[in-house]
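Report on the structure given below.
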Amino acid sequence: RAPVALGTRDRVTPIFDALVLHLRQSGIDRVRAVWIEHPDTNEGKSLSKTARAIQPMIEARMAALGLIDSAAAERAHVLLTIEGTAWVGSANVLSASHWPLGIPRLRFPAGAPSRSTLKLVEAFHTFLGDDEESLLKPEMRAVFERIAPLHNTDKIKSELLVIHGRNDPRVPFFEAEQIAAKVRAGGRSVWTVFADNEGHGFQKKENADFQRAIEVMFLKSHLALDQ
Numbered sequence: 002r003a004p005v006a007l008g009t010r011d012r013v014t015p016i017f018d019a020l021v022l023h024l025r026q027s028g029i030d031r032v033r034a035v036w037i038e039h040p041d042t043n044e045g046k047s048l049s050k051t052a053r054a055i056q057p058m059i060e061a062r063m064a065a066l067g068l069i070d071s072a073a074a075e076r077a078h079v080l081l082t083i084e085g086t087a088w089v090g091s092a093n094v095l096s097a098s099h100w101p102l103g104i105p106r107l108r109f110p111a112g113a114p115s116r117s118t119l120k121l122v123e124a125f126h127t128f129l130g131d132d133e134e135s136l137l138k139p140e141m142r143a144v145f146e147r148i149a150p151l152h153n154t155d156k157i158k159s160e161l162l163v164i165h166g167r168n169d170p171r172v173p174f175f176e177a178e179q180i181a182a183k184v185r186a187g188g189r190s191v192w193t194v195f196a197d198n199e200g201h202g203f204q205k206k207e208n209a210d211f212q213r214a215i216e217v218m219f220l221k222s223h224l225a226l227d228q
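Right, dumping it as structure tokens:
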């Protein structure tokens, strides 16, 4: 099947029509729910608001036709793309992922110092599943705690350059602030470059050019490369 072309004004109707057609052609009478997903990338993250906005509208239209049943064996899936298209499909809930985008998004405790540990737990849920307790020994958990960057800043003996995008979907921005603050507190010089309009890595040319210029300045400043 080809992807569904989406307009700029009404994205719900073409997706809804394509979903209904897919279900009929697949012999599926009802689905348990509709998941609207997007690529888990810097660019794909820009579609998250759209996905959240259109999901209840599409489910409401399908419910009006009697296509939603909380006991149904199938779930409808829509993947939005950055090219302005969408792929529609369905999956049996017993064999499909339990979480949108395939990864659990656990609630971040307000008092926790970093999300790194939480991301590790999310990975354990995904790749170890019900065998987590038997496969992950206490001593293994201790290793992960011991190697966490924030717990090893005392080993940084040189100057530090921290470059980070505030919209990073993989490494939360505050972790960059934390590592910079802790290294500074230890008496080391820290340069920071933070971009409001970047994610995991600088993609925009003007930001990438600025990053390279700062890197050269940093190296010249601390390694005397201009002599």
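All the letters of the sequence shown, read from the start, carry residue numbers 2 to 228 under this note's numbering.
By construction, the Cβ of each residue, glycine as well, lies at the ideal position given by its N, Cα and C atoms.
Tell me which same chain residues have a C-beta within less than 8 Å of the C-beta of residue 38, skipping the five on either side of it? 52, 78, 79, 80, 81, 101 and 102
How close, in whole Å, do the beta carbons of residue 76 and residue 36 come, if the pair is a contact with beta carbons under 8 Å? 6 Å
If you count every other CB in all the chains shown that lies within 10 Å of the CB of residue 165, and 16 or more means buried, which is it? buried
To the nearest angstrom, how far is the alpha carbon of residue 48 from that of residue 194? 26 Å
6 Å Cβ shell around residue 23 - same chain, five flanking residues per side excluded: 89
DSSP three-state call for residue 142: helix, strand or coil? helix
Those residues which DSSP pairs with residue 165 across a bridge: 195
Three-state secondary structure assigned by DSSP to residue 178: helix
Strictly by DSSP, which residues pair up with residue 89? 79
The beta strand (DSSP E) that contains residue 37, what's its start and end? 35-38
On the DSSP letters alone, give me the boundaries of the alpha helix (DSSP H) that residue 207 sits inside. 206-224
Report the residue from 159, 206 and 208 whose alpha carbon sits nearest the alpha carbon of residue 187. 159
State buried or exposed for residue 56, treating a residue as buried only when at least 16 other CB atoms are found within 10 Å of its CB. buried
Less than 7 Å between the beta carbons of residue 85 and residue 7, yes or no? yes
Compute the distance between the beta-carbons of residue 162 and residue 184, then report whether it is under 7 Å. no
Within this structure, are the beta carbons of residue 212 and residue 203 separated by less than 7 Å? yes
Which residues does DSSP list as the beta-bridge partners of residue 69? 32
Out of 172, 83, 149 and 141, state which residue places its alpha-carbon closest to the alpha-carbon of residue 50. 83
Using a Cβ-Cβ cutoff of less than 7 Å, which residues in the same chain neighbour residue 5 once the five nearest sequence positions on both sides are dropped? 15, 16, 19, 86, 87 and 89
Unbroken alpha helix (DSSP H) run spanning residue 15, endpoints: 13-27
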